Every structure is written in structure tokens, then in C-alpha cells.
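Numbering (this note's numbering), first residue to last: 1 to 235.
Encoded as C-alpha cells, the structure appears first; notes follow it.
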């Protein structure tokens, strides 16, 4: 894919419209001609490996600060967000080819997503599911490692669903997935809120922070539904 098609005007660059062979935020997956995205995690900051990734063959790196790498660095204010958007572009925006239903909340996501998928399938709509226990493409079961897959893996999965003829996807959307921009450029037809109870406070600093993370889903949907049982202000 050409670099400019991948960036979609979401970041500027002085590089020409070069061919990009792959995109990754994983140093172990860097290959000749790829675009490496520097993401700062809990224990490792990809920025520290940027120069090494260029030496390994990366065509350019995406970073949040000037690393002194000249034209081969593409600056952005949020590399996680840009990576998610580029993953969407890499797969031809499969999220735009599906009716997307997102379910968030501390408890009940798995039950609700399975009920919705069952209803849609019974009414003749081939449906994909993204969830904690497993992912599904119609009746095909696909292994999952995260409630909300990482950005590249999610878009690859949605692309498989599109190619398999799915019309809908019902998706558990975790607070981690929202805060870490795993959902790429996704826009949801419908968002569902179940509840908010004390959980994941080892990651979220307090209940308000946890609530604000969940609330992000409702900024990217056409319509919303929710439960009255919540330990935080009503959405």
C-alpha cells in the first residue's frame, strides 16, 4: 500500500509516496519496507527502538516526538490512535462495510452480544461476534486472546467477516480497547451500556476514570441503549 493512502491525511510527512509492505507496533514483526509505529506501553516504549527498526529495514517510523531521524520519522500527537486508523486503512476499512453493534460495561457483555447475534442469525443475517470467550464468523469459531483484539488483529478479523459475507458484527468493547485505540476508525450503528462496577481499578486510577473510558464508546455511535443499574452518572 502507498504511504499516503495509509496515512489518509491523518499525519504529515516529507517522505514521498513510497510503497509500504506492512505495518506493526511490534519490534519482532519489523520487516523490509514496513512502517513501524512507536507505542509507549506499561513496560516498553517503542520510541527507544525506532532507530534500530530503521536499521532492520523499516521504511519509516511513526512517533510522538522528534527522535532526530529526519524525513524517516512521521510525527503525530497520539501514535496509538494513528496506528488504529492506519490498521483500518490497511484492510480497506472493513468496519465501514458492516453494521457494527458495540457492547460495553463491567458485566454482561458476553451474554448480551451472544443474544443479539442469535437474534440476527435467526432472522437470516449472517453475523460476526467479537468477544471474551471466542470470536465467531457466522458459525465458524475463531480463537481470541483479548476481549477487544489489538488494532491490527481486529481489522484483520473484520476483513475476514466481510469476505465471509457477514452483514453485522456484535462486539464486546472493553475499556482497555477504547483507551488503547484498538478499535481503529470504527463507528458503531448502536452502542449498548450494561453497568459499571468496581473492576480493573489496577489499570484505571479510579471509578471516574473507568467511567470516562467506557463513555468513549458513546462518542462514536449513532444510537445508544443502556441499563439503569450503574455505579456512576447515567450515560
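Note that the Cβ used here is the ideal one computed from N, Cα and C, for glycine as well.
Bear in mind that the values here come from a model prediction, so they are computed numbers and not experimental data.
Three or more Cβ pairs closer than 8 Å define a contact, and the stretch 68 to 78 falls short of that threshold against the stretch 166 to 178. Boundaries cannot be given for residue 220, as no beta strand (DSSP E) includes it and DSSP labels it neither H nor E.
Rounded to whole angstroms, the separation of the alpha carbons of residue 187 and residue 5 is 20 Å. For residue 110, the three-state secondary structure derived from DSSP is helix. Around the beta carbon of residue 36, 16 or more other beta carbons lie within 10 angstroms, which makes this residue buried. Annotation note: the stretch 4 to 85 contains the following uninterrupted alpha helix (DSSP H) runs of length 4 or greater, listed N- to C-terminal: 50 to 55.
Taking the CA atoms as reference points, residue 214 sits about 31 Å from residue 124.
One alpha carbon belongs to residue 101, the other to residue 221, and they sit about 9 Å apart.
DSSP places residue 136 inside the beta strand (DSSP E), whose first and last residues are 135 to 137.
Between the stretch 126 to 137 and the stretch 57 to 69 there are fewer than three inter-stretch CB-CB distances shorter than 8 Å, so the stretches are not counted as touching. Distance from residue 11 to residue 75 at the Cβ level is roughly 7 Å; contact confirmed, criterion being Cβ atoms closer than 8 Å.
Per the C-alpha coordinates, the member of 57, 147, 174 positioned closest to residue 212 is 174. The shortest C-alpha to C-alpha distance from residue 196 to any of 8, 103, 51 is the one to 103.
In this structure, DSSP gives residue 88 a helical state, which the three-state scheme calls helix. Judged by beta-carbon spacing, residue 20 lies within the 8 Å limit of residue 3, meaning their Cβ atoms are closer than that value. Here residue 122 carries a helix assignment [DSSP, helix/strand/coil]. Taking the Cβ atoms as the reference, residue 183 lies roughly 16 Å from residue 160, outside the contact range of under 8 Å.
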